[in-house]
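What follows is one structure encoded as structure tokens, with my remarks underneath.
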């Protein structure tokens, strides 16, 4: 079996690119995108553009009385299911465009499976809707929103929804041909559509979680005890990122959609990382 291209960056070792991976090529980061969407939400709230507990109908054409707030969407407690309707296997989100999103919004009360605020169910649909609410509140595109409120303040440029085609890294099929990545540029973008270089993704982790340059980490980060983490996976890429209060951090990216091993490797490396050196150059 051909070895899987892997990138490893952490607080206690020099960056590694193994088996044909590239620290400076753009790769899909999947649901790690959600941490940027959540950070944008926090920044808009800090500037008074919106309130975390504002009802969704304040920003989008949804039925009144759903009880869903921006906070519920960010914390996966909205009662919405994991996926949008009509997801397909080969390219799951290709058909989930703005028209499809607005069809969901108009009937949002029929999609909820639980009352908001009571149970947690990880929801890509919820983050797609959260992204739409933020762009509505800020009156700008999702990419412009991130550039203004998240990426520019952090000094990060190599993170985008539209990477340069000549500097993208793809997994390869049986005969060595690049695989076609999932289409994530439509309404699903705020839930998982960004591309980044591994170096840029690692800088994001250290600046948001270790140095906390934009304040307390956003609600979108997952929590396991004192560890803040998030992962992500598309058809042919997976990523794991995490940090601890003592300055340990790790980012692992692999050109495979089989995310379990990526998560396992990231957790192992985080446990082995050296505390207190979280500002290692990435």
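Numbering (the working numbering), first residue to last: 35 to 316. Glycine residues also receive a C-beta, built at the ideal position from the N, C-alpha and C atoms.
Hey, quick one: how far does the beta strand (DSSP E) through residue i stretch, first residue to last?
i	result
residue 11	Since the first and last residues shown for the chain are 35 and 316, residue 11 lies out of range.
residue 296	Note, residue 296: premise wrong, no beta strand (DSSP E); alpha helix (DSSP H) at 293-306.
residue 77	That residue, residue 77, is in no beta strand (DSSP E); its alpha helix (DSSP H) goes 67-80.
residue 179	Looking at the DSSP string, residue 179 is not in any beta strand (DSSP E); the run it does join, the alpha helix (DSSP H), is 176-180.
residue 325	Residue 325 falls outside the range modelled here, since the chain spans only 35 to 316, and no answer is possible.
residue 47	47-52
Provide the residue span of the alpha helix (DSSP H) that contains residue i, from first to last.
i	result
residue 235	232-239
residue 159	158-172
residue 106	104-108
Give me the Cα-Cα distance between residue i and residue j, rounded to the nearest whole angstrom.
i	j	result
residue 289	residue 273	9 Å
residue 86	residue 108	9 Å
residue 205	residue 179	30 Å
residue 45	residue 142	43 Å
residue 102	residue 154	13 Å
residue 314	residue 247	Because residue 314 carries a pLDDT of 43, less than 50, the predicted location of this residue cannot be relied on, and the following value inherits that uncertainty. Rounded to the nearest angstrom, the two C-alpha atoms are 16 Å apart.
residue 112	residue 148	8 Å
residue 151	residue 47	41 Å
residue 207	residue 233	25 Å
residue 236	residue 256	17 Å
residue 305	residue 262	13 Å
residue 311	residue 276	The predicted position of residue 311 is uncertain, since its pLDDT is 47 and thus under 50; no value can be drawn from it.
residue 64	residue 98	31 Å
residue 183	residue 74	6 Å
residue 131	residue 140	15 Å
residue 242	residue 249	8 Å
residue 291	residue 244	27 Å
residue 121	residue 220	13 Å
residue 1	residue 172	What the structure shows of the chain is the stretch from 35 to 316, and residue 1 is not part of that stretch, so it cannot be assessed.
residue 176	residue 40	29 Å
residue 69	residue 190	14 Å
residue 230	residue 224	14 Å
residue 258	residue 58	30 Å
residue 157	residue 188	27 Å
residue 214	residue 92	38 Å
Are any of the Cβ atoms in chain D nearer than 8 Å to that of residue i?
i	result
residue 302	Checking the listed chains, one finds no chain D in this structure; it contains a single protein chain.
Tell me the DSSP bridge mates of residue i?
i	result
residue 219	Residue 219 is not bridged to any residue.
residue 61	230
residue 212	206
residue 194	229
Put residue i into one of helix, strand or coil per three-state DSSP.
i	result
residue 135	helix
residue 184	helix
residue 256	strand
residue 285	strand
residue 142	helix
residue 92	helix
residue 224	helix
residue 43	strand
residue 125	coil
residue 87	coil
residue 280	coil
residue 382	Residue 382 lies beyond the stretch modelled for the chain, which goes from 35 to 316, so this question has no answer here.
residue 242	helix
residue 200	helix
residue 315	Residue placement at residue 315 is flagged as unreliable, the pLDDT there being 49, under the threshold of 50; a coordinate-derived value is accordingly withheld.
Compute the minimum distance between the beta carbon of residue i and the heavy atoms of the ligand PLP, and state whether it is under 7 Å.
i	result
residue 264	The ligand PLP is not part of this structure, which contains no ligands at all.
Exercise for review: Would you check if the region 72-83 and the region 111-126 touch, i.e. whether three or more CB-CB distances between them fall below 8 Å?
Suggested key: No, they do not touch.
Review point. Is the region 273-284 touching the region 128-144, taking contact as three or more C-beta pairs under 8 Å?
Key: As far as the Cβ criterion goes, the region 273-284 does not touch the region 128-144, which means the pair count is below three.
Check your understanding: Is the number of C-beta pairs between the region 50-63 and the region 161-178 that are closer than 8 Å three or more?
Key -> Fewer than three beta-carbon pairs drawn from the region 50-63 and the region 161-178 are found closer than 8 Å, and the two stretches are therefore not classed as touching.
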